[in-house]
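When you number the sequence shown by my numbering, it's gap-free, plus one each residue, and the end is 480.
For each residue, glycine too, the CB sits at the ideal point set by N, CA and C.
Read the structure below first, then the notes.
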Amino acid sequence: MGASLLAKAADQATPIHQAKTAMHITIITFSGLVLLALMLYIGDPIGFSRQTMAYRFAALWLAMTLITGAVGVVHAGGRWVWK
398 MGASLLAKAA
408 DQATPIHQAK
418 TAMHITIITF
428 SGLVLLALML
438 YIGDPIGFSR
448 QTMAYRFAAL
458 WLAMTLITGA
468 VGVVHAGGRW
478 VWK
C-alpha cells in the first residue's frame, strides 16, 4: 500500500525544469516590482516626476528583458529565428 502511494506521488510531482522556470519567473517579477518601487521612491527626492521615473523603469525593464533573452538563447545554443 505504501509503495503505491509513493508511486502516485512521484507521478504527480512537478518536474525540476518546470519548478526552476516558475521560481525564475517569480524572482524576476519580484525584482521588477522592487525596482519600480525604488525608482518611484527615489525619483521624488532627486527632482524627477513619477511619470518620468515610470517611463525610465519601462525602458530599463525592456533592456533587461532583451539582455536576459539574449543570454538565454546563447546558453541554450539556439539561434534567433523569426517564424
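Do M450 and M436 come within 7 Å of each other at the CB atom, strictly closer than that value?
As a first step, residue 436 must be located in the sequence shown, where it is residue number 39. As a first step, residue 450 must be located in the sequence shown, where it is residue number 53. For the pair M436 and M450, the CB atoms are nearer than the 7 Å cut-off.
My output table needs one value for F454: the three-state DSSP class, helix, strand or coil.
In the sequence shown, the residue the question calls residue 454 occupies position 57. Three-state DSSP puts F454 in a helix.
If you measure between the beta carbons of L430 and F454, is that distance less than 7 Å?
Position 33 of the sequence shown, counted from the first residue, corresponds to residue 430. Position 57 of the sequence shown, counted from the first residue, corresponds to residue 454. The beta carbons of L430 and F454 sit no closer together than 7 Å.
Alpha carbon of D441 to alpha carbon of R447, nearest angstrom
For the purposes of this step, residue 441 is taken as the residue at position 44 of the sequence shown. For the purposes of this step, residue 447 is taken as the residue at position 50 of the sequence shown. Using only the alpha carbons, I get a separation of about 7 Å.
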